[in-house]
Amino acid sequence: MTTFEIGIGSVVGLFALLGMGVPVAVSLGLVGFVGLCITIGPSFALSIVQTAPYSAVANYSWAVLPLFVLMGTLAASSGMTMDLFRAANMWLGRIRGGLYLTVIVGSAGFAAASGSTVVNSVVFTRLALPEMLKYGYSRAISLGCIAASGTFAAMIPPSLTMVIYAIITEQSIGKLLLAGVFPGLLSAFLYAVLILSMVRLKPSISPQTRHAKYTLKQKIHSLKGVWGIVVLVILVLGGIYAGMFPPSAAGAVGAFGTFLIALMKLGLKKDWIMESLENSAAVACTIFTILIGGLIFSRLLVITGVVSQFVDFIAGSVQSTGGLLALFSIMYIVLGCYLDTASIMVITLPFVFPVIVKFGIDPIWFGIIFVKLIEISVITPPVGLNLYAVLSGAGKDADFKDLALGVIPFLVTDVVTLFILIWFPRISTWLPETMIGK
Amino acid sequence: MSSDRSTGYVDTFSRLGALLSGVALLLMMLIGAADVIFSKLFNSPIPGSFEATEALMVVSAFMAIGYNQFKRGHISVTLFTSRMKKTPAGVFRLISHFMSFVFFFLLAWQGWIYGLHSLEVLEYESGLISFPVYPAKLLAALGASLAALQCIADFVRKVREIVGNEGAS
Chain A
-3 MTTFEIGIGS
7 VVGLFALLGM
17 GVPVAVSLGL
27 VGFVGLCITI
37 GPSFALSIVQ
47 TAPYSAVANY
57 SWAVLPLFVL
67 MGTLAASSGM
77 TMDLFRAANM
87 WLGRIRGGLY
97 LTVIVGSAGF
107 AAASGSTVVN
117 SVVFTRLALP
127 EMLKYGYSRA
137 ISLGCIAASG
147 TFAAMIPPSL
157 TMVIYAIITE
167 QSIGKLLLAG
177 VFPGLLSAFL
187 YAVLILSMVR
197 LKPSISPQTR
207 HAKYTLKQKI
217 HSLKGVWGIV
227 VLVILVLGGI
237 YAGMFPPSAA
247 GAVGAFGTFL
257 IALMKLGLKK
267 DWIMESLENS
277 AAVACTIFTI
287 LIGGLIFSRL
297 LVITGVVSQF
307 VDFIAGSVQS
317 TGGLLALFSI
327 MYIVLGCYLD
337 TASIMVITLP
347 FVFPVIVKFG
357 IDPIWFGIIF
367 VKLIEISVIT
377 PPVGLNLYAV
387 LSGAGKDADF
397 KDLALGVIPF
407 LVTDVVTLFI
417 LIWFPRISTW
427 LPETMIGK
Chain B
363 MSSDRSTGYV
373 DTFSRLGALL
383 SGVALLLMML
393 IGAADVIFSK
403 LFNSPIPGSF
413 EATEALMVVS
423 AFMAIGYNQF
433 KRGHISVTLF
443 TSRMKKTPAG
453 VFRLISHFMS
463 FVFFFLLAWQ
473 GWIYGLHSLE
483 VLEYESGLIS
493 FPVYPAKLLA
503 ALGASLAALQ
513 CIADFVRKVR
523 EIVGNEGAS
């Protein structure tokens, strides 16, 4: 058996274990370990198992990951989303299709504190859907709008997807986070344009407004509950941009700021604090365990030479950057139907990233394209992760057919956004290039 | 009855592990924020905050693995198994628990060797202050051991459930 055959066998074995429902982290770690035992011997394989898990986690730059998770969880339990939603609703509610816009703006705002697309979708389903149905908005478009707007969390910093991409590809976390700002805003803007056009073309999706009228004073007063998130964004992103502190410290500052806001709103009670800590620890642990398994697996891939053969094969069969991006786009959208974001990244990036480097593609720009593809994959029927998050949040208020239909206009818009991001790399690369603290 | 009690104990230990994991995360946040505040406002960073963050992150990540296993929080692909009947799906779940046990056992076994060696030589990381590394390494091994134990508890529970179902039908 050649090492290359072992490598291929490992990939097949990995998918077999995944199919049997074995956890992704365990599948990656075990297949990696067995493969290493065969190729370089059990004692060397055991030494990798001995050192890799600890060294994978004990890395200061990765502290940003659990801290961003904590920031998002605290933001969700603080009720900050309710304030955001109320404020957006006061300003936009009377426009035709205003509640759709409220969801888009509110979700983009919450994405500035949360990094998980699933959390965003669930929170806004509970918050906005009953209101939308009460005012007679189209059920399908409402569901689609909530699921699609939930994906902003992957692009708008602090984004967990971006941090994991940076960790696996060894890129600057700060640069990647900043690179997501304009693409995230562009996505939100194009969704808003889509809604305004749809309301004009098909007025039945949004009834004539019966919303209460608010005075300017009331509207300005509603922003009182939003200042916290604005201060946090300025602190976290401003701090990274100005080079005042590294992303991990920004994560601590962001989480601490959110903690203080939650403390002011909810008081010093044991239940929300313990619940947020326990949930965040569990989510961060899930990602870390996958990263540990992935590290053992990727050692195997490197040793067997599968990666370099894959790079040569792709370089031989695809000639242009456009062709390469098209190929990877299709691959990620299909994979997104079966696997969650962290697993997709851990499994594919060890193969894909060397190809990107070989083609001379800017890794930061590719990171943005990659995140956009992930955003698309989590809302692509039939198995997109965000669709299920919305369904679980909506309970009896939703059925899958409605949701799958309602999300299509947003998917089309996302594909347009993807093309814009591919066509104009400066949208992604300008901000990180101008950052002061490189 | 006694196996009921032992799986119950394991669940409680996993829960305690998650609690410790959460507290480690809270400390990471407090130390990180205090370090930024002290270094920016008073120009005096907290010595050892960098090393403490790394150590706490290890504790936080490893001590929650068992609880995640208990809560079935580890991500897996359920596309095929969710469509199976109860008994075959249960068998696949058993395989999954067994595989998880093997993996976490490997991590625990090697982790203890790594941690005990670190304790033996009293390993320190030298930075602004010398920071002990061995507690985090030992806690990582403990976390992986808890996870392996939780896999056994889950396996036993699943076997009882399958046998119970078969008996009932």
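Just so you know, the sequences run in chain order A and B.
For the first sequence, the numbering used here gives the first residue as -3, with consecutive numbering after it.
For the second sequence, the numbering used here gives the first residue as 363, with consecutive numbering after it.
Quick reminder that beta carbons are idealized off the backbone N, C-alpha and C, glycines included.
Small disclaimer: the values here were computed from a predicted structure and weren't measured.
Against chain A, the CB of Glu485 of chain B has no partner CB under 7 Å away; the residue lies outside that interface. By alpha-carbon distance to Tyr496 of chain B, the top candidate from B:Ser480, B:Ala509, B:Gly489 is B:Ser480. Under DSSP, no beta-bridge partner is assigned to Phe517 of chain B. Residue A:Pro346 holds the alpha-carbon nearest to the alpha-carbon of Glu166 of chain A among A:Pro346, A:Gly356, A:Ser304. Taking the Cα positions, Trp223 of chain A is about 12 Å away from Thr254 of chain A. A straight-line Cα-Cα distance of about 44 Å links Ile137 of chain A and Leu297 of chain A. Between Leu484 of chain B and Val372 of chain B, the C-beta gap is not smaller than 7 Å, which leaves the two residues out of contact. Your pair Gly384 of chain B and Glu274 of chain A checks out as a contact, with CB atoms roughly 5 Å apart and the cut at 8 Å.
With respect to chain A, the C-beta atom of Gln512 of chain B has no partner C-beta closer than 7 Å. Rounded to whole angstroms, the gap between the alpha carbons of Phe40 of chain A and Ala246 of chain A is 38 Å. The DSSP-derived three-state label of Tyr50 of chain A is helix. Proximity of the region 153 to 170 of chain A to the region 129 to 144 of chain A falls short of the contact definition, fewer than three beta-carbon pairs being nearer than 8 Å. At a cut-off of 7 Å, the C-beta of Phe375 of chain B has no neighbouring C-beta in chain A. In this structure Tyr187 of chain A does not touch Ser155 of chain A by the C-beta definition: roughly 17 Å separates them, more than the 8 Å allowed. Leu469 of chain B belongs to the set of residues whose beta carbon lies under 7 Å from a beta carbon in chain A. The contact set of Met16 of chain A on chain B, defined by CB atoms closer than 8 Å, consists of Phe442, Thr443, Phe454, Ile457, Ser458 in chain order. Under a criterion of Cβ atoms nearer than 7 Å, the residues of chain B adjacent to Cys281 of chain A are, in order, Ser383, Ala423, Ala426, Ile427, Asn430.
Contact between the region 336 to 346 of chain A and the region 281 to 292 of chain A is established, with three or more Cβ pairs separated by less than 8 Å. For Ser193 of chain A, the enclosing alpha helix (DSSP H) starts and ends at 177 to 197. For Pro153 of chain A, the secondary structure class from DSSP, reduced to helix, strand or coil, is coil.
Scanning A:Ile352, A:Phe120, A:Lys368 for the CA closest to the CA of Tyr96 of chain A turns up A:Phe120. Our two residues, Lys354 of chain A and Gly319 of chain A, have alpha carbons roughly 14 Å apart in a direct line.
Excluding five sequence positions before and after Gly489 of chain B, the CB atoms of its chain that fall closer than 7 Å to its own CB belong to Gly410, Phe412, Glu413, given in chain order.
Taken through DSSP and simplified to helix, strand or coil, Tyr210 of chain A comes out as coil.
Cβ atoms of Ser103 of chain A and Phe148 of chain A come within 8 Å of each other, at about 5 Å. Residues of the region 385 to 397 of chain B with a Cβ closer than 9 Å to any Cβ of chain A, in chain order: Val385, Ala386, Leu387, Leu388, Met390, Met391, Leu392, Ile393, Gly394, Ala395, Ala396, Asp397. Exposure of Asp366 of chain B is indicated by the presence of fewer than 16 other C-beta atoms within 10 angstroms of its C-beta.
Put simply, the region 11 to 20 of chain A touches the region 452 to 462 of chain B. At least three CB pairs are less than 8 Å apart. Contact between Phe29 of chain A and Ile292 of chain A holds, since their C-beta atoms are separated by about 6 Å, short of 8 Å.
With a 10 Å radius around the Cβ and a threshold of 16 neighbouring Cβ atoms, Pro179 of chain A comes out buried.
Under the Cβ distance rule, His479 of chain B does not count among the residues neighbouring chain A, no pair being separated by less than 7 Å. In the displayed model, Pro428 of chain A falls within a helix according to three-state DSSP. If you compare the alpha carbons of A:Ile375, A:Phe349, A:Ser202, A:Ile44 with that of Leu469 of chain B, the shortest gap goes to A:Ile44. Using a Cβ distance threshold of 7 Å, Gly477 of chain B and Ala503 of chain B count as a contacting pair. By the 16-neighbour rule on beta-carbons within 10 angstroms, Pro378 of chain A is exposed. Shortest Cα-Cα distance from Ile257 of chain A to any of A:Leu129, A:Ala143, A:Val348, A:Thr77 involves A:Thr77.
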